[in-house]
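**Q**
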Amino acid sequence: MTTLFGETEPLPPSGGTPYRVLARKYRPATFAELIGQEAMVRTLTNAIQSGRLPQAWMLTGVRGIGKTTTARIIAKALNCTGRDALAGSIEPCNQCDSCRAITEDRFVDVQELDAASRTGVDDIREIVEGVRYGPVAGQYKIYILDEVHMLSKNAFNALLKTLEEPPPHTKFIFATTEIRKVPVTVLSRCQRFDLRRIESAELVAHFTRLAGLEDVSADPDAITLIAHAADGSVRDGLSLLDQAIALGNGSVILADVKAMLGLADRGASLDLCRHVLSGAMEAALTGYDQMIKVGTDPLQILQDMAELIHRLTRAQILTSNGALGDEPEGEKQLFTDLAAIKIPALTRAWQILLKGIGETQSSSQPAMAAEMALIRVAYAAELPPPSDLIKQLREQREAARAEGGVEAAPLGGGGGGGGSKASRFGGSNGGGGGGVRMLQAQPMAEVVQAASLAAPMPQTFREVAELFATNREGGLYAELCRYVHLVRMAAGQLTLRVERGASAHLVGRLGQCLNEWTGQRWMIAVVDEEGLPTLAQEDEAIVKGRHERAAAHPLMQAVLCAFPEAKLMTLEPKPAVPDVAMAAEAEAFMAALPDDEEEE
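Counted from 1, the sequence shown has number 933 at position 362 by the numbering used here; the numbering is strictly sequential.
1. Taking 7 Å as the limit between beta carbons, can you name the residues of its chain near K752, skipping five residues before and five after?
2. Distance, Cα to Cα, I619 vs I673?
3. Name the residue from Y714, L1081, P754 and M852 whose alpha carbon lies nearest to the alpha carbon of E1037.
4. How many Å lie between Y1054 and T1041 at the Cα?
5. Tell me whether the beta-carbon of G635 lies closer than 8 Å to the beta-carbon of S669.
6. So what's R634 in DSSP terms, helix, strand or just coil?
7. Grouping DSSP H, G and I as helix and E and B as strand, with all else coil, what is L1067?
8. Cα-Cα, which of Q1128, M611, L1057 and M1060 is closest to Q762?
9. By Cβ distance below 7 Å, which residues in the same chain neighbour E878 in space, the five residues on each side in sequence not counted?
10. Alpha carbon to alpha carbon, what distance is there between F745 and T756?
11. Determine which residues share a DSSP beta bridge with I661 and list them.
12. Leaving out the 5 sequence neighbours to the left and right, which residues in its chain are closer than 6 Å to T639 when beta-carbon positions are compared?
13. Hey, how far is the Cα of V1058 from the Cα of T1031?
14. If you compare alpha carbons, which of I769, D792 and G783 is closest to D807?
15. Per the DSSP calculation, Y714 is bridged to which residue(s)?
16. Sorted by chain position, which residues of the same chain lie with C-beta nearer than 7 Å to L593's C-beta, five sequence neighbours on each side aside?
17. Using the Cβ count rule (16 or more neighbours within 10 Å means buried), how would you classify R995?
18. I think E1050 touches A1073, with their Cβ atoms under 8 Å apart; what is that distance to the nearest whole Å?
19. Identify whether W1088 lies in helix, strand or coil by the three-state DSSP scheme.
20. For V865, collect the residues of the same chain with a Cβ closer than 6 Å to its Cβ; drop the 5 residues on either side in sequence, then sort them by chain order.
21. Which residues in the same chain as F727 place their Cβ atom closer than 7 Å to its Cβ, once the five residues preceding and following it in sequence are excluded?
22. Counting pairs of Cβ atoms below 8 Å between the region 839–847 and the region 615–633, do you hit three or more?
23. Between the beta-carbon of A815 and the beta-carbon of V805, is there less than 8 Å?
24. Let me know if Y859 comes out buried or exposed under the rule of 16 or more other beta-carbons within 10 Å of its beta-carbon.
25. Considering Cα atoms alone, identify which of S660, I645 and G653 is closest to K712.
26. From the DSSP output, which residues share a beta bridge with S788?
27. Nearest-angstrom Cα distance between A851 and I912?
28. Leaving aside the five residues before and after A951 along the sequence, list all residues of the same chain whose C-beta is less than 8 Å from its C-beta, in chain order.
29. Have a look at T1089, T1141 and V787 and flag the residue whose alpha-carbon is nearest the alpha-carbon of P1029.
30. Would you identify the three-state DSSP class for R689, choosing helix, strand or coil?
31. How far does the beta strand (DSSP E) with D765 in it extend, from its first residue to its last?
32. Flag this pair as yes or no: are the beta carbons of L870 and A941 separated by less than 8 Å?
33. Looking only at C-alpha atoms, which of L856, V1069, E1044 and N820 sits nearest to H1056?
34. Apart from the five residues on each side of it in sequence, which residues of its chain come closer than 8 Å, Cβ to Cβ, to T779?
35. Helix, strand or coil for H1124, going by three-state DSSP, please let me know.
36. For my contact list, A648 and I661 are in at a C-beta cut-off of 8 Å; report their separation, rounded to the angstrom.
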């Protein structure tokens, strides 16, 4: 039996027709049957027609887009004996002995190796030794190495010389999904082709055509869902189509495909997005529970929500350009209902969802993890935008200075209840109930304001560092002492040299904290000048100097003379009032020591 695309399948002993999965049955057999790779096909066609053939090709891309298939078509095109050379076509005829043998994987001059299972240098030595011999039945001897990135380092090294200067009759074709794992020394010897993901529209047209060839009735919406789930991979899409045909007993039905993929009803996804972004969590949780009960994947729920938020953000940007005319009516209504939510709030919801998707993927309870992510998105409505908080903090500071005290104005807008969570999600914090009163933030603002009014202006860099110790910024205080060299200092200005090892946010946090604590704007500049020693180096120099002075003291010299192996470990400051009793006790202790005892 011969399929439409030239592949054959032997009949079973019973005489019936065996079933071949769609991904194998309709595997492209010519360049014209490849979809979505026009640039690569044009390049290969021109190269074969003109005879400008490289010694090796490197085909890369995601799984299931035709890398190995393309390699086989190249092998057939180079060894085909049945096409009309005068017509200028390079398409394999798929009828001659060479084409049929390559299709059936029995052509002696085309060897296809799985580099994932034959990774060692001994396997490559077999290839290197076989390269010396010319082709037996064809014009070229071709080696196809699938998943070539799995070869070991020694195997790659053994292949390099042969790959650079192979005999004229030998060609190499490599295929890989991990191009970054292939050494650059190999890549530089190959002509590289990046096979792109297939667009959903092309997959829909391809799957629809194949469903017609299989005499299968297919719902266009179901085919669209399968193409979307394939994520640019033809093989993955055909496997899903095979499964959908089996599930529908010869038909591809939308409801069956949704159940098979664990997808939510689109209307339910739109309603859930509307409830969550509007802050109606009771309705949102009710809808979420219903979606889980019908078998919807929790991860898919979050991914659909992220997609809708992305499209809602684009809709707000592109609405003036009339670019939303092709959107479904349900999504147009959603965009209208949530038009009050501003882009900063949408980007915040997007970030929360991305984190929630990662948590759901790694959680042992994905349904609970997804539910908590939705709750976080909804109650992010309680948080005012950071720009509003900064503005309110500045207003509080100015009001406190004007009154000569430290009282801070309340955060948020005027009183007023009213206002939905949707308005708080994206609206301003002005009056009319749209603002959010941050009850816990006000005492912190008063503490910051009081500190900024009470802190004196530091006169030295050491005083600057001590401010961080006083305000319990121990990490920044340690970095200032260890990694920062003072170059110049003036009122409200610092010029510093920062050593490697300091955190990336050190300079930014230094200026921010000084602005808050001193009530004055500081300008921080980082230069490459030498500058003064760090505070830690100064402290070490002070301690070293004290130890040197103590070691030179006559009393210490007398101690070292009596106890040659003694070492000065620490120095304590001299007490303001001599302790006579302690001195007498020390003299008595020293007198009681035997002559041969040493003090460390």
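Don't be surprised by glycine CBs; every beta carbon is placed ideally from N, CA and C. Predicted model only: the values in this text are computed from it and were never measured.
**A** Per the coordinate set shown:
1. H720
2. 18 Å
3. L1081
4. 19 Å
5. no
6. coil
7. strand
8. M611
9. none
10. 14 Å
11. Paired residues: none, contrary to the question.
12. D717 and A746
13. 12 Å
14. I769
15. Q682 and F743
16. L781, L809, L812 and D813
17. Residue placement at R995 cannot be trusted, given a pLDDT of 38 that sits under 50; what the coordinates show is reported in the next sentence. Its Cβ being crowded by 16 or more others within 10 Å, R995 is buried.
18. 5 Å
19. helix
20. none
21. P754 and V757
22. no
23. no
24. buried
25. I645
26. S822
27. 14 Å
28. A916, R919, A920, I923 and F996
29. T1089
30. coil
31. Q762 to D765
32. yes
33. V1069
34. A789, P791 and I794
35. coil
36. 5 Å
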